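In the working numbering, the protein residues as written are 145 to 550.
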């Protein structure tokens, strides 16, 4: 009996210990950060062209972040910046001012009034200048922005992926690839520590550009192909797949690989058109690009080339004669007569040539028979036509020329 009681007591103690342990683990677990997923969803919608839906999701993400006590101030600035970007893309700039002012107030709250010295244009609210990377332009400003984020949210927070990538991009524009590479690899490591969030886009896009700038086109292509393959495995994020297909297509175009780029542009049209519609400006731009890289994808009318060889003229009737002096050629059956003559081209023989005289039939205008006695020849005298029953008399007003020797 005592052994049974001891066993029961031991089980109760064990169960109570496990309960306390689980409860302690739950207390140590950070609260759910639903706004992170909402931010990614808004980004996907915006990249897919659904800006209005992205704005709604961004508003929801801000509300969730405000309700989450673990949300850092700079993360709130991050979300506000996203919302401003979507509003600007939707041509709703008038709605951005309160969010800009709120973001600047959050920055002052996070690091004091001196934090605004980080931003060269902090007093100009007419332009978008909320999130640190959007208006810090020098290396020192990026370094201080990264330090501020690390102090607030830790060294492996998702926001650091964005900051590190923008800093690396700043270095790459100055041809400081050696300094940019470790930043991109660190950003990729942070992104891999947050699977399913979709942060790999930022470092991989810049890694591909870095490899390309260093002449390592093969490695750049591998990065892009890897991202396309990964995006194809997740059908719930079509905008991510469209983004990487577009990046790969542009890579091929930059390297004069039109044959590889054309099917990717066609695939982009097929992916986006059912969702956006054929009249959407983005679809029209994609179709225009497709026609540019792949003319065979649209029917084309070849210009008619006339038989005369002159471009732009329509061929009608018999072929016209070539322009300029040409050698004499025998006449076809359509033009009966002397085979040594071509209609429309004067003979090379002189008018008084014996060969021409012997070739003329009797009674023709070229008949060299002598004129009757007392008759004269005038250039204006009409030539008698044997078929004319009433030939016209000579014009008396015309003076006859000098007599011609018989």
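We put the beta carbon where it would ideally sit given N, CA and C, even for glycine. Predicted model, so just to flag it, every value in this text is computed and none were measured.
Beta-carbon proximity list for residue i, same chain, < 7 Å, skipping 5 on both sides
i, result
"residue 182", "201, 204, 205, 208"
"residue 219", "209, 297, 303"
"residue 389", "372, 408, 411, 412"
"residue 454", "With a pLDDT of 38 at residue 454, under the threshold of 50, the modelled position of this residue cannot be trusted, and the question is left open."
"residue 437", "397, 402, 405, 406, 409"
Close Cβ partners of residue i (< 6 Å) along its chain, the five nearest in sequence each way excluded
i, result
"residue 191", "383, 387"
"residue 193", "420, 426"
"residue 215", "209"
"residue 397", "405"
"residue 378", "none"
"residue 424", "none"
"residue 417", "427"
N-terminal and C-terminal residue of the alpha helix (DSSP H) that residue i is part of
i, result
"residue 374", "361-376"
"residue 421", "Careful: residue 421 lies outside any alpha helix (DSSP H) and carries neither H nor E."
"residue 394", "382-398"
"residue 425", "425-437"
"residue 191", "178-191"
"residue 229", "217-233"
"residue 196", "195-211"
"residue 298", "Run containing residue 298: none; DSSP gives neither H nor E here."
"residue 322", "321-336"
Same chain, Cβ closer than 8 Å to residue i, neighbours up to 5 away in sequence not counted
i, result
"residue 413", "427, 430, 431, 434"
"residue 238", "none"
"residue 223", "179, 183, 202, 205, 206, 209"
"residue 415", "382, 385, 386, 389"
"residue 196", "234"
C-beta contact flag for residue i and residue j at 8 Å
i, j, result
"residue 230", "residue 199", "yes"
"residue 186", "residue 226", "yes"
"residue 365", "residue 395", "yes"
"residue 403", "residue 393", "no"
"residue 368", "residue 391", "yes"
"residue 293", "residue 301", "yes"
"residue 310", "residue 286", "yes"
"residue 361", "residue 399", "yes"
Any non-hydrogen atom of the ligand NAD closer than 7 Å to residue i Cβ
i, result
"residue 383", "With respect to the ligand NAD, the structure offers nothing, as it holds no ligand at all."
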